[in-house]
Amino acid sequence: METIQTDLNRALMLDGNAAAGILAEIFSVEMTTSLAECAHCGCQGEMGTLLAFTQAPGLVLRCRDCENIVMRIAQAPGVTYLDMQGMAFLRMERALV
Amino acid sequence: MKPSLEWQIATVKAIKPENARVKTFTLALPHWSEHRPGQHYDVRLVAPDGYQAQRSYSIASEPERSGEIDLTVELLEDGEVSSYMHEVLTVGDQIEVRGPIGGYFVWEATMGGPLLLVAGGSGVAPLMSMLRHRAAAGSRIPARLLYSSRTPGHVIYADELERLQNAGDGLEIFHTFTRQAPEGWAGYARRIDNQMLSEVSAPLGKLALTYVCGPTLLVEAVANELVQIGMAPNLIRTERFGPTGDIV
Amino acid sequence: MAEKFISRGFFGKRRQAEAADRLPPGQYITPGFPVLSAGPTPRIDLSQWTFTIEGLVRQPAQWSWEEFLQLPAQSSVVDIHCVTKWSKLDTRWEGVSVDTLFEHVGIDPRAKFVTAFCHGGYSTNLPLEDIINGQATVAYKYDGQPLAPEHGGPARLLVPHLYFWKSAKWIQGLRLMEADKAGFWESLGYHNRGDPWQEQRYWSD
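Residue numbers (the numbering used here), protein chains in the order written: chain A, 229 to 325; chain B, 4 to 251; chain C, 362 to 566.
Take a look at the structure:
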């Protein structure tokens, strides 16, 4: 019978979908289907595919391929900090007027 | 139409035990908006001293049922929100929610198929929304659900799943049990692996729209196995639920 | 102005009453030991593990795991406070005092700040005066057992008088500097010092 290595830290990891609420708060639109390119390795994917670390003083989203940080969000009283150094670009659809 | 991302106060209409540790809460929403199967709602609790706890729960009901949503919630051992919902909340109580949220992990009949759904434990909830919607929309898109549970007592929606399968509209359901199978069981009785996924997915082909939901470690293992057996990686969508004890 | 909705019968799992005088403002006691992380657990091979002290020191130093375990160790029982509001009282640790480590290098008088740098890319900064004089250790045992990877093992920094994000997990070394340099969370709005008794959670506090 195989033994399973349970890494609790990894087990807490979620998909970018888990960040849908906070992303919608910041960007005012649904973001999980927006395309993002990782500045580190060039991998492109919808934000929903990013690895989400939500158990922390802030939210950290990492590239599915290289696991480098793509975006960080922290919320202090009255302000939101957003770090997108790890994102080469973000593609958001505009609503047709 | 932009869905409202404001908090609203829902009223508990019904509470249904699904098994020993899982209950479905039907919430009536004053500002209900049609969701897409697979989306979730955020639930927020506030204590008198201002302390807050917030969790996300997948919508288990179909969008065709307007004005209300079903949230299927598993009681977690140290769960702040789940223990409140299981032990304190009663019919008639109010609870703050926000949603529907999420655009990545959704399936609608208009997206086509075939459809492959893989669930571990309470991860079946958003997939149930997809299957209920599929039935309500009269869709005949070939669909298969592979559902992993520890024991028969852990299965959620057991009767309804059987009814949906018996409708004969192209849905087939495969259960696997990882701790204890039913008496005389001839089906799968082990953790999901490549062999099982190959057999279940075979008639659907390599280009099936695939959704995997459950504890993080199970979802990771299954997603890797799906790629190994040749399923198109860009058609596989995952929703990790975080840890729940150990792998189902 | 509308009153905030209060959930009937909800008090949270965290209770303050038992140890009110030991809890900094805004903190709640937690029964477990929550795992908070900004990334996957780094996999560190003990045969490759080193601890380094560099920067404004007279003589930089580096220890291998075996060498580190030879250093005089000490036990401590301390309360820890996370900026996400949970606290844990009477936690037991074992490790090497930072003062012991600094004896090997000699601190340059220009040094005023310290950056702890870690496997996986995490870093945190704090004033030098908060890491000396018995206030900090590099810990490798928790509750009598080797420190688990999800809690920062093989070794983490332990600075219990500051918010626990300063007790950097998977620590690789300390760098002594003249100017303060914001670490991982500090560069995203969190406080450069982080004293829980003054509720220094954010940059504006």
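Where a beta carbon is used, it is the ideal one built from N, C-alpha and C, also for glycine.
Name the one or two DSSP bridge partners that C:Leu518 has.
Within the third sequence, residue 518 of chain C is the residue found at index 157, counting from 1. DSSP output for C:Leu518 lists C:Val499 as bridge partner(s).
B:Tyr87 in three-state terms, based on DSSP:
By one-based count along the second sequence, residue 87 of chain B stands at place 84. Here B:Tyr87 sits in helix by DSSP.
The alpha helix (DSSP H) that contains B:Pro129, what's its start and end?
The residue labelled residue 129 of chain B in the question sits at position 126 within the second sequence. Judged by DSSP secondary structure, B:Pro129 falls within the alpha helix (DSSP H) whose first and last residues are 127 to 139.
Looking at B:Ala235 and B:Met131, is the spacing between their C-beta atoms short of 8 Å?
Position 128 of the second sequence holds residue 131 of chain B. Position 232 of the second sequence holds residue 235 of chain B. No, the pair does not count as a contact, with Cβ atoms beyond the cut-off.
Can you pull the DSSP bridge partners for B:Cys216?
On the second sequence, residue 216 of chain B is found 213 positions in, with the first residue counted as 1. Answer by DSSP bridge pairing, in chain order: B:Ala122, B:Glu242.
So is A:Leu236 in contact with chain B if we call contact Cβ pairs under 8 Å?
By 1-based counting over the first sequence, the position of residue 236 of chain A is 8. Closer than 8 Å to some Cβ of chain B, the Cβ of A:Leu236 qualifies, so yes.
Hey, would you say C:Glu455 sits closer than 8 Å to C:Ser436, going by beta carbons?
Here residue 455 of chain C is taken as the residue at index 94 of the third sequence, counted from 1. Here residue 436 of chain C is taken as the residue at index 75 of the third sequence, counted from 1. Closer than 8 Å, so yes.
Is DSSP giving B:Lys16 helix, strand or coil here?
Within the second sequence, the letter at position 13 stands for residue 16 of chain B. Here B:Lys16 sits in strand by DSSP.
Suppose you measure from the CA of B:Met199 to the CA of A:Thr277; what does that come to, to the nearest Å?
What you label residue 199 of chain B is simply residue 196 of the second sequence in a count that begins at 1. What you label residue 277 of chain A is simply residue 49 of the first sequence in a count that begins at 1. Distance between the alpha carbons of B:Met199 and A:Thr277: 25 Å.
Cβ-based burial, A:Gln233 [other Cβ within 10 Å; buried from 16]
Position 5 of the first sequence, counted from the start, is the residue given in the question as residue 233 of chain A. Note that A:Gln233 scores 49 on pLDDT, short of 50, meaning its location in the model is unreliable and no value can be drawn from it.
With 9 Å as the C-beta to C-beta threshold (strictly closer), list the residues of the stretch 43 to 76 of chain B near chain C in chain order.
Arg47, Leu48, Val49, Ala50, Pro51, Asp52, Gly53, Tyr54, Gln55, Ala56
Extent of the continuous beta strand (DSSP E) run through C:Pro485:
Against the third sequence, residue 485 of chain C aligns to sequence position 124. Inspection of the sequence shows that residue 485 of chain C is occupied by Thr rather than by Pro. That run of the beta strand (DSSP E) goes 484 to 488.
By Cβ distance, which residues of its chain are closer than 8 Å to C:Asn494, with the 5 residues on each side in sequence left out?
Here the question's residue 494 of chain C lines up with position 133 in the third sequence. Within the same chain, C:Asn494 has close Cβ partners Asp460.
Taking contact to mean at least 3 C-beta pairs separated by less than 8 Å, is the stretch 532 to 541 of chain C in contact with the stretch 466 to 483 of chain C?
Proximity of the stretch 532 to 541 of chain C to the stretch 466 to 483 of chain C meets the contact definition, three or more beta-carbon pairs being nearer than 8 Å.
Just checking B:Glu242 against the ligand NAP - is the residue's beta carbon closer than 7 Å to any of the ligand's heavy atoms?
The ligand NAP is not part of the structure shown, which contains no ligands of any sort.
By Cβ distance, which residues of its chain are closer than 6 Å to B:Pro206, with the 5 residues on each side in sequence left out?
In the second sequence, residue 206 of chain B corresponds to position 203, counting from 1. Nothing listed; no residue qualifies.
Given this structure, state the Cα-to-Cα distance separating B:Phe108 from A:Arg319, to the nearest angstrom.
The sequence position of residue 108 of chain B within the second sequence is 105, counting from 1. The sequence position of residue 319 of chain A within the first sequence is 91, counting from 1. Roughly 18 Å between the two C-alpha positions.
Neighbourhood of B:Glu165 by C-beta, 8 Å cutoff - its chain only, sequence neighbours within 5 removed
Here the question's residue 165 of chain B lines up with position 162 in the second sequence. Excluding positions up to five away in sequence, the list reads Ile176.
Can you tell which of C:Ala509, C:Val439, C:Pro470, C:Leu549 has the C-alpha that lies nearest to the C-alpha of C:Leu523?
For this step, residue 523 of chain C is matched to residue 162 along the third sequence. Measuring from the Cα of C:Leu523, the nearest candidate turns out to be C:Val439.
Counting Cβ pairs closer than 8 Å, one from the stretch 24 to 41 of chain B and one from the stretch 291 to 306 of chain A, do we hit at least three?
no
Are B:Arg147 and B:Val203 touching if we call contact CB-CB under 8 Å?
On the second sequence, residue 147 of chain B is found 144 positions in, with the first residue counted as 1. On the second sequence, residue 203 of chain B is found 200 positions in, with the first residue counted as 1. Yes.
For C:Leu518 and C:Ala497, believed in contact at Cβ under 8 Å, the rounded distance:
As a working note, residue 497 of chain C is residue 136 in the third sequence. As a working note, residue 518 of chain C is residue 157 in the third sequence. 6 Å between Cβ atoms; contact.
For B:Gly105 versus B:Pro218, is the C-beta spacing smaller than 8 Å?
What you label residue 105 of chain B is simply residue 102 of the second sequence in a count that begins at 1. What you label residue 218 of chain B is simply residue 215 of the second sequence in a count that begins at 1. Their beta carbons are not under 8 Å apart, which means B:Gly105 does not touch B:Pro218 by this criterion.
Could you give the distance in angstroms between the alpha-carbon of B:Thr213 and the alpha-carbon of B:Leu149?
Residue 213 of chain B sits at position 210 when you count from the first residue of the second sequence. Residue 149 of chain B sits at position 146 when you count from the first residue of the second sequence. So the two alpha carbons sit approximately 11 Å from each other.
Alpha carbon to alpha carbon, how far is C:Trp526 from C:Glu427? Give it in angstroms, no decimals.
To locate residue 427 of chain C, count along the third sequence from 1; it is residue 66. To locate residue 526 of chain C, count along the third sequence from 1; it is residue 165. For C:Glu427 and C:Trp526, the distance between alpha carbons rounds to 27 Å.
Three-pair Cβ contact test at 8 Å for the stretch 22 to 33 of chain B versus the stretch 72 to 88 of chain B
yes
Can you name the residues of chain B whose CB is closer than 7 Å to the CB of C:Phe366?
Taking the first residue of the third sequence as position 1, residue 366 of chain C is located at position 5. The answer, in chain order, is Ile12, Val49, Glu99.
What three-state label does DSSP hand C:Ser528 in the structure shown?
Your numbering for residue 528 of chain C matches position 167 in the third sequence. If DSSP states are grouped into helix, strand and coil, C:Ser528 belongs with coil.
Which chain A residues sit within Cβ distance under 8 Å of B:Tyr107?
Indexing the second sequence from 1 puts residue 107 of chain B at position 104. Result: Asp243, Gly244, Asn245, Ala248, Thr260, Thr261, Glu274, Met275, Gly276, Thr277.
Quick one: does C:Gly370 have its CB under 8 Å from some CB of chain B?
Indexing the third sequence from 1 puts residue 370 of chain C at position 9. By this cut-off, C:Gly370 is an interface position.
Does C:Phe545 pass the burial test, meaning 16 or more other C-beta atoms within 10 Å, or should it be called exposed?
Position 184 of the third sequence, counting from 1, holds the residue named residue 545 of chain C. Buried is the call here.
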